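**Student:** Protein sequence lines correspond, in order, to chains X and U.
Note that my numbering numbers the first sequence so that position 139 is 128, with each residue one more than the last.
Note that my numbering numbers the second sequence so that position 104 is 100, with each residue one more than the last.
The C-beta atom is built at its ideal place from N, Cα and C for all residues, glycine as well.
Computed from a predicted model, the values in this text were never measured in an experiment.
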Amino acid sequence: MKKRSLSSTLIIIVVIVYLLIPLFATAIYSLFAKWTDLLPENFTVQNYVELLTEKDFMMSLGRTIIICIIPIFLTVLLVLLALFAVTIYFPKLEKYVQLICMIPYTIQGVILSVSIISLYAASPGVLGNRLVMLTGAYCIIILPYIYQGIRNSMHAVNMPMLLEAAEMLGASKLYAFFRVIVPNIISGITVSSLLAVGIIFGDYVLIRNIAGTSFKNVQIYLFLTMKSSSTKASAVFVIIMITTFLITLLVLYLKSRETKHRNQKVKG
Amino acid sequence: MTRTRKNYIYLLVLLPFLVVALLYEIVPLLMIVFNSFMPENAIGFTLEHYVDIFTKPLYQKAIWNSIRISLVSSLIGIFIAFLGAKAANSAGPKMQNAFLTVLNMTSNFAGVPLAFAYMILLGNSGVMIEFGKVYGIDALANFDLYTGTGLTMIYVYFQIPLSTLLLIPAFEGIRKEWMEASTLFGAGPTTFWTQIGVPVLLPSILGTISVLFANALAAYATAYALLMNNYALLPINISGMFVGDVTQRKEMGGALSVVMMLLMVAAIFINNYIAKKNRKVGR
């Protein structure tokens, strides 16, 4: 038995090392001026100083944050309203809503982006606006994650009973929904929103195909910099990866807290 | 009567969702399928784009490259995931936690950043290539990342966290008692895994392979960051038909998109079919 767990530990360590090598190598690369022998030479933070004082980079960071927030806010609102209407008034429609929400999961970025631009690129007005197209595309691509997160937490809180109770106390259903149900499932909404942030933050294909370089987010910025300077790009890389990891850690933390919370409730 | 009329007002609540879904999901997807049957710059019905896809070497190469790279990276990925998930299942809780954290962290590591990290390591003047030159390791010094093999290698990387995370829960279904019972009958660990373990896990393994295949097939950013438009691959060819300096070729691009969607659906169906057949044999 001892031997078995030793070999397991060994396999796990090998996989962990394999997965971490590209990350650490690039991080080290960003901190040294020269790396041609076994060990890198001339430690420097110059890359980071340059990057963080560059207007172009800060702008791309700002754009990324904006283009994360708007579609997520919209999608959460749309899905909340849709699930409210469907679970309370039109249970028969639920499977169609589910189908619409799960399709993007199988088609993914490339096909979605080309279908949207081929349809709207030439159209005048709001629909032809690249940023509107991009926002629409992001809403669709995060739909499966938001939908599942919200639906699962709605099932967990026994929504019909809570609504009935609120109604008996004189609240309207819609009011009760937003004042009673939504606060109860806010942690589920937060987790799925954070997952969506991760997806939009890591997206390259949608933004490249729909907006091109006219709306430079950090991914496009990284792509353009790595063609010109690999040291500068490695600093961009580190900033992107740290942000991604922080988002993942936050998701893991919130999820574990929720499980603990639920277990306590069951015990109590 | 008043109640039903009142209920219809709540359709208005559903309306925003339907509008966005129609505008940015349903109509665009229907149109792209519809376009694929239209002659270029004209109105009518034609199958010529599909004929082109299955007769012209350019498109065949893209399809073949896509299938090959997706399949090879999925198979290598699932093999490593199997070992990893098996190890995670029998390792101590601390090791397991560390492993899960690293897997979760790296599961978002894909696309442009991943391709870039590999270029730093193994690109033209990459860190490891330089090591190879300095220490005379020819295999390393002459490694070319900018090929199908290099691309497959990067794909394998992003398949590992995803597939291991998908497989770990399945291993919890393998009970310790089964292992003990089979040991009592004189079976070694190899016999146990080939005769009992893998057959029990097969549905999860096949399901994971189809997720991996679809994941690799749709991957665009990684391939584009590494090889730009210099490599025939379905997602790259499709994007090329719509974006860039040339005029859009909606119809041909539509047909290629339909082929890509069919490949994904086919992967799911083949897996379901094998899983079903296997279940029958098992009985």
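By a C-beta neighbour count over all protein chains shown, 10 Å radius and 16 as the cutoff for buried, is Asp192 of chain X buried or exposed?
**Tutor:** buried
**Student:** On the three-pair Cβ rule with 8 Å, is the stretch 186 to 200 of chain U touching the stretch 69 to 86 of chain X?
**Tutor:** Contact check between the stretch 186 to 200 of chain U and the stretch 69 to 86 of chain X: fewer than three CB pairs, one atom from each, fall below 8 Å, which does not count as touching.
**Student:** Hey, quick one: how far does the beta strand (DSSP E) through Phe188 of chain U stretch, first residue to last?
**Tutor:** Counting along the chain, Phe188 of chain U falls outside any beta strand (DSSP E), though it belongs to the alpha helix (DSSP H) covering 185 to 188.
**Student:** Counting only beta-carbon atoms, is Met(-3) of chain U nearer than 8 Å to chain X?
**Tutor:** With a pLDDT of 43 at Met(-3) of chain U, under the threshold of 50, the modelled position of that residue is not reliable, and the figure given next carries that caveat. Taking Cβ atoms only, chain X never reaches closer than 8 Å to Met(-3) of chain U, which makes this a no.
**Student:** For Thr(-2) of chain U, which residues in the same chain have their Cβ closer than 7 Å to its Cβ, ignoring the five residues on either side in sequence?
**Tutor:** The predicted position of Thr(-2) of chain U is uncertain, since its pLDDT is 48 and thus under 50; no value can be drawn from it.
**Student:** When the Cα atoms are used, what is the spatial distance from Val29 of chain U to Asn93 of chain U?
**Tutor:** Here the alpha carbons of Asn93 of chain U and Val29 of chain U stand approximately 45 Å from one another.
**Student:** Taking 8 Å as the limit between beta carbons, can you name the residues of its chain near Leu71 of chain U, skipping five residues before and five after?
**Tutor:** So the qualifying residues of the chain are Ile205.
**Student:** Who are the Cβ neighbours of Leu40 of chain X in its own chain at under 7 Å, not counting the five residues just before and after it?
**Tutor:** Phe46, Lys221, Ala224, Val225
**Student:** Just confirm the distance between the C-beta atoms of Ile139 of chain X and Ser181 of chain X, as a whole number of angstroms; I'd bet it's less than 8 Å.
**Tutor:** Taking the Cβ atoms as the reference, Ile139 of chain X lies roughly 7 Å from Ser181 of chain X, within the contact range of under 8 Å.
**Student:** Could you check whether the Cβ of Gln280 of chain U sits closer than 8 Å to any Cβ belonging to chain X?
**Tutor:** Residue numbering for chain U in the displayed model covers -3 to 279; residue 280 of chain U lies beyond these limits and cannot be assessed.
**Student:** Which residues in the same chain have their Cβ closer than 8 Å to the Cβ of Ile174 of chain X, if we skip the five residues on either side of it in sequence?
**Tutor:** Ile139, Ser142, Met143, Ala145, Val146
**Student:** Under a three-way DSSP split, which group does Ala228 of chain U fall into?
**Tutor:** coil
**Student:** Tell me whether Phe50 of chain U sits in a helix, a strand or coil according to DSSP, three-state version.
**Tutor:** helix
**Student:** Let me know the secondary structure DSSP gives Ala22 of chain X once reduced to three states.
**Tutor:** strand
**Student:** For Ala87 of chain U, I'd like the list of residues in its chain whose CB is within less than 8 Å of its CB, leaving aside the five on either flank, ordered along the chain.
**Tutor:** Excluding sequence neighbours, Ala87 of chain U sits near Phe95.
**Student:** If we ignore side chains and look at the alpha-carbon of each, how far apart do Leu243 of chain X and His250 of chain X end up?
**Tutor:** Cα to Cα, Leu243 of chain X sits roughly 10 Å from His250 of chain X.
**Student:** Mark Ser218 of chain X as exposed unless 16 or more other C-beta atoms lie within 10 angstroms of its C-beta, in which case mark it buried.
**Tutor:** exposed
**Student:** Can you confirm whether Pro109 of chain U, when its beta carbon is compared against all beta carbons of chain X, has any partner nearer than 8 Å?
**Tutor:** yes
**Student:** What are the partner residues of Glu30 of chain X, as DSSP defines its beta bridges?
**Tutor:** DSSP output for Glu30 of chain X lists X:Lys23 as bridge partner(s).
**Student:** At 8 Å on the CB atoms, spell out the chain U contacts of Cys128 of chain X, in chain order.
**Tutor:** Val16, Tyr20
**Student:** Tell me whether Phe265 of chain U sits in a helix, a strand or coil according to DSSP, three-state version.
**Tutor:** It is helical.
**Student:** Val194 of chain X touches chain C at which residues, Cβ-Cβ below 7 Å?
**Tutor:** Protein chains in the displayed structure are X and U, and chain C is not among them.
**Student:** Please work out which residues of its chain come closer than 6 Å, Cβ to Cβ, to Met122 of chain X, disregarding the five sequence neighbours upstream and downstream, and give them in chain order.
**Tutor:** Hits under 6 Å: Ile105, Tyr109, Ile199.
**Student:** What residue range is occupied by the uninterrupted alpha helix (DSSP H) comprising Asp45 of chain X?
**Tutor:** 44 to 77
**Student:** So which residues on chain X does Phe78 of chain U lean against when the C-beta distance must stay under 7 Å?
**Tutor:** Under the 7 Å cutoff, chain X gives no residues; its nearest Cβ is about 10 Å from Phe78 of chain U.
**Student:** With 16 other CB atoms within 10 Å as the buried threshold, where does Gln208 of chain X fall?
**Tutor:** buried
**Student:** Lys84 of chain X: buried (16+ other C-beta within 10 angstroms of its C-beta) or exposed?
**Tutor:** exposed
**Student:** Among X:Pro172, X:Leu132, X:Ile131, which residue has its Cα nearest to the Cα of Met148 of chain X?
**Tutor:** X:Pro172
**Student:** To the nearest angstrom, how far is the alpha carbon of Ser19 of chain X from that of Val227 of chain X?
**Tutor:** 8 Å
**Student:** Confirm, please, whether the CB-CB distance from Phe238 of chain U to Val279 of chain X is below 8 Å.
**Tutor:** Examination of residue 279 of chain X is not possible in this model, given that chain X is present from -10 through 257 alone.
**Student:** Alpha helix (DSSP H) containing Ala159 of chain U: first to last residue?
**Tutor:** The sequence given here places Ser at residue 159 of chain U; Ala does not occur at that position. Element bounds for Ser159 of chain U: 144 to 167.
**Student:** Which whole-angstrom value describes the C-beta separation of Leu198 of chain U and Asn267 of chain U, a residue pair presumed to lie in contact below a C-beta threshold of 8 Å?
**Tutor:** Not really, about 10 Å apart at Cβ, beyond 8 Å.
**Student:** Candidates U:Gly119, U:Glu44, U:Phe209: which alpha carbon is nearest Gln155 of chain U's?
**Tutor:** U:Phe209
**Student:** What residue from X:Ile196, X:Thr237, X:Ala111, X:Ile135 has the CA that sits closest to Ile56 of chain X's CA?
**Tutor:** X:Ile196
**Student:** Is Ser(-3) of chain X close to chain U, meaning its C-beta is less than 8 Å from at least one C-beta of that chain?
**Tutor:** Judged by the 8 Å Cβ criterion, Ser(-3) of chain X is in contact with chain U.
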